[in-house]
Ligand code: NDP
Ligand code: PYC
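Residue numbers (our numbering): 170 to 522.
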């Protein structure tokens with residue numbers, strides 16, 4: 170966001186502290202508040218608009234609804250030499266990843282590869298923060314998470330898949346890790362909400378209305394319509410794979426499995442996440458990070474000037490230099506939330522029916 174009269178500049182540390190306070194005031198434990206605040210602030214810092222502070226009202230209404238347990242303590246299980254499982258206990262996925270991270274890295278280094286299967290978890294964020302740190306430690310990482318049924322499988326007539334992102338990170342000698350993070354739907358649900366709020370239309374082929382008819386109106390997609398996979402049957406197949414890896418394999422819910430209707434205000438999908446971490450040092454390509462760099466150079470030479478992750482890294486550098494530009498009214502709202510919760514007592518998570 171360009172800095173103008175209506176925007177304020179805050180440092181990432183300041184934003185993180187503010188968000189931590191908000192989560193604490195709305196019923197999360199200190200551990201959960203710290204992890205979610207770091208995640209959300211880093212998305213805002215990197216210009217990931219649909220998964221930064223835009224998500225705060227959804228987090229808070231979900232906490233207030235009792236659908237998620239903001240105080241859950243993840244249960245880590247050492248299943249096998251290359252397999253870690255975590256029961257997030259109806260809490261958020263990121264604290265579950267945090268709890269298992271050390272064991273996962275140990276196993277990946279020892280065996281060359283390790284899996285982390287998170288179940289019973291809520292993921293409401295961008296996926297790249299889950300993989301980029303592994304690449305900074307010289308590892309290759311893949312992550313898959315399923316969400317809520319809002320995507321029609323190819324040729325179908327009913328929303329079944331989530332927007333189901335896939336993220337990948339690889340170390341690279343010449344610069345920041347090579348990272349991509351993409352929804353397997355034509356557009357992320359959060360970006361449909363942003364387009365609807367701004368009164369924008371969407372390109373053709375992104376969604377259908379409540380009658381199953383193609384529409385470019387984001388409001389019609391949100392009002393009983395649905396999204397389409399990206400790239401037709403190819404995106405649909407990837408979305409199907411994400412359901413299998415993130416839900417069937419982990420023991421989490423499919424995107425169509427859960428019923429949040431008894432929790433008005435609930436927005437966070439209660440599903441699962443799978444991570445695969447690989448130590449490239451064990452492979453035939455001893456200098457994997459150098460080979461990543463070679464590939465990037467060749468892609469550049471072939472005419473692909475912008476690599477996935479470039480926009481985020483540029484925005485990150487800009488935010489670190491000048492501060493994160495936030496709409497001043499939005500910032501005032503956040504400060505209000507940090508000072509006084511919208512209910513008198515911190516939310517006590519209710520058990521699920
Ligand atoms: P985008 O389509 O904006 O970007 C997808 C990827 O492609 C990014 O890595 C991006 O890099 C890269 N990219 C974009 N344009 C180009 C280009 N012209 N050339 C080369 N690379 C390019 O993301 P999505 O809309 O698919 O997803 C947005 C976010 O929503 C993601 O962070 C995702 O994790 C999140 N999401 C989360 C869900 C959840 O359940 N938690 C569900 C669905 C989505 P760059 O980052 O540098 O722009
Ligand atoms: O933007 O599609 C999305 C999304 C779903 C869950 C979190 N974000």
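Beta carbons are placed, not taken as given, at the ideal position from N, Cα and C, and that holds for glycine.
Asked	Found
If we ignore side chains and look at the alpha-carbon of each, how far apart do residue 518 and residue 264 end up?	Only weak support is given to the placement of residue 518: the predicted model assigns it a pLDDT of 44, under 50, and the value that follows is read from those uncertain coordinates. Going from the Cα of residue 518 to the Cα of residue 264 covers about 17 Å.
Since residue 315 is in the beta strand (DSSP E), which residue starts that stretch and which ends it?	Run containing residue 315: none; DSSP gives neither H nor E here.
With hydrogens ignored, establish whether the beta-carbon of residue 440 is closer than 6 Å to any heavy atom of ligand 2.	no
Which residues does DSSP pair with residue 350 in a beta bridge?	336
From residue 243 to residue 194, what does the alpha carbon distance come to, in whole angstroms?	21 Å
Taking the straight line between their C-alpha atoms, what separation do you get for residue 373 and residue 382?	11 Å
Taking the continuous beta strand (DSSP E) assigned at residue 252, which residues delimit it?	252-261
Would you say the beta carbon of residue 351 is closer than 6 Å to some non-hydrogen atom of ligand 1?	yes
Hey, would you say residue 531 sits closer than 7 Å to residue 315, going by beta carbons?	Since the first residue of the chain shown is 170 and the last is 522, residue 531 is not available in this structure.
Give every residue of the same chain whose Cβ lies closer than 7 Å to the Cβ of residue 204, excluding the five residues on either side of it in the sequence, and list them in chain order.	263, 264, 267
Contact check, residue 219 vs residue 360 under 8 Å by CB: the rounded distance?	5 Å
Cβ of residue 214 within 7 Å of Cβ of residue 490?	no
By Cβ distance, which residues of its chain are closer than 7 Å to residue 392, with the 5 residues on each side in sequence left out?	379
Can the beta-carbon of residue 317 be found less than 7 Å from the beta-carbon of residue 424?	yes
What's the gap between the Cα of residue 522 and the Cα of residue 221?	Low local confidence applies: a pLDDT of 31 at residue 522 is under 50, so the model's placement there is unreliable, with the coordinate-based value given in what follows. About 30 Å.
Decide yes or no for the touch test of the segment 468-475 against the segment 354-368: beta carbon pairs closer than 8 Å, at least 3 of them.	no
Could one say the Cβ of residue 483 lies closer than 7 Å to chain B's Cβ atoms, at least one of them?	The question asks about chain B, but that chain is absent: this structure has only one protein chain.
Rounded to the nearest angstrom, what separates residue 443 and residue 286 at their Cα positions?	5 Å
Alpha carbon to alpha carbon, what distance is there between residue 384 and residue 390?	7 Å
Any idea what DSSP makes of residue 443, helix, strand or coil?	strand
When the distance is taken between beta carbons, is residue 408 closer than 7 Å to residue 313?	no
Tell me, which residues are paired with residue 194 by DSSP?	DSSP, once it has assigned bridges, lists no residue as partnering residue 194.
Would you mind sorting residue 428 into buried or exposed? The rule is 16 or more other CB atoms within 10 Å of its CB.	exposed
With C-beta atoms as the reference, is residue 458 less than 7 Å away from residue 342?	yes
Please tell me whether, using a cut-off of 6 Å, the distance from the CB of residue 192 to the nearest non-hydrogen atom of ligand 2 is below it.	no
Within this structure, are the beta carbons of residue 394 and residue 377 separated by less than 7 Å?	yes
Output the distance between the C-alpha atoms of residue 506 and residue 191, rounded to the nearest integer angstrom.	6 Å
Of all the options 483, 502, 252, which has the alpha carbon lying nearest to the alpha carbon of residue 419?	252
Does at least one heavy atom of ligand 2 sit under 6 Å from the Cβ of residue 210?	no
Could you give the distance in angstroms between the alpha-carbon of residue 479 and the alpha-carbon of residue 294?	19 Å
Residue 369: beta carbon under 6 Å from a heavy atom of ligand 1?	no
Just mark residue 246 as buried or exposed, buried being the case when its beta carbon has 16 or more other beta carbons within 10 Å.	exposed
If distances are taken between C-alpha atoms only, which option among 224, 240, 177 comes closest to residue 201?	240
Please return the same chain residues whose Cβ sits closer than 8 Å to the Cβ of residue 514, not counting the five positions on each side in sequence.	Confidence at residue 514 is low in this model, with a pLDDT of 47, below 50, so its placement is unreliable and the value that follows should be read with caution. Taken in chain order, the list of residues that qualify is empty.
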